[in-house]
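The C-terminal position of the sequence shown is numbered 175 in our numbering, with every residue numbered one higher than the one before it. Using N, Cα and C, we set each Cβ at its ideal position, and we do this for glycine too. Model, not experiment: these values are computed from the prediction. See below for the structure under consideration.
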Amino acid sequence: MKKIAIFASGNGSNAQCIAEYFENSPNVEVSLILSNKPDAYVLKRAVNLGIPYRYFNRDEFYQTSKILDELTNNNIDFIVLAGFLWLVPQNILQYFNQRIVNIHPALLPKYGGKGMYGNRVHEAVIENQEKETGISIHWVNEAYDEGRIIFQGKVAVDPSDTPESIAGKVHQLEYKHYPEVIEQVVMKL
Ligand code: GAR
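Rendered as structure tokens:
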């Protein structure tokens, strides 16, 4: 059984979708959900899903080995970032080399980098009158949104679209593809 930890900062709808996808899997288990926000809705989802969870603060993440220890103590094999807004520190990047993926709600390298998350991305897509947008699933390294791309999916942007309607379309793409892509890469470990 491969064990996954999911990091999320907010709502956690992707985290839930991934957890439900693997609920009855004989091969993959979502073993832990972690958040840097004590009141993130993803932690309530973890309770409802019956998945162990943990909140951590900035100091614990960047100045101590507590989170790496938590991951290794739980025999985590693979890390999934799903709406997680902090850079991953070196100790975790090194230990989980080529075993951390992220999803970004745009067609990278466009609309990536620090501060580009959630509706800010979709607002920029509308401002630039893009005809299409989408999702990028990529390996995680020490920079925001720069690791090698594993998968991209596209969706059309209509003149009537708002940041909220684009977020809805992008979320549908995320739910459709992220669990499957995770399964593919985890099964190659
Ligand atoms: C998702 O759309 C994800 O792609 C995005 O945050 C949203 C989280 O939604 N991630 C980023 O913008 C990272 N730069 P969720 O909490 O409902 O899964």
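Query raised in the report: For Tyr161, which of Asp144, Met173, Gly139, Gly(-4) has the nearest alpha-carbon?
Result: Gly139
Requested in this report: Report the rounded CA-to-CA distance for Ala26 versus Phe42, giving the unit in angstroms.
Outcome: 12 Å
Query raised in the report: Roughly how many whole angstroms lie between the Cα atoms of Gly69 and Asn59?
Result: 24 Å
Report task. Please name the residue, chosen from His157, Lys30, Glu56, Ser(-5), that lies closest to Ser21 on a Cα-to-Cα basis. Result -> Ser(-5)
Report task. Put Ile65 into one of helix, strand or coil per three-state DSSP. Result -> strand
Report task. Ignore the nearest five residues each way along the sequence and tell me which others in Asn127's own chain have a CB closer than 8 Å to its CB. Result -> A distance below 8 Å between beta-carbons, with the five flanking residues on each side excluded, links Asn127 to the following residues of its chain, in chain order: Leu79, Gly133.
Requested in this report: Go to Phe(-7), then tell me how far its beta strand (DSSP E) extends in each direction, as first and last residue.
Outcome: -12 to -7
**Report entry** Gly139: first and last residue of the uninterrupted beta strand (DSSP E) it sits in
**Finding:** 135 to 142
Requested in this report: Determine the contact status of Tyr39 and Leu29, defining contact as a CB-CB distance below 8 Å.
Outcome: Taking 8 Å as the Cβ cut-off, Tyr39 and Leu29 qualify as a contacting pair.
Requested in this report: Sort Lys(-12), Lys23, Phe(-7), Asn(-3) by Cα distance to Glu9 and report the nearest one.
Outcome: Lys(-12)
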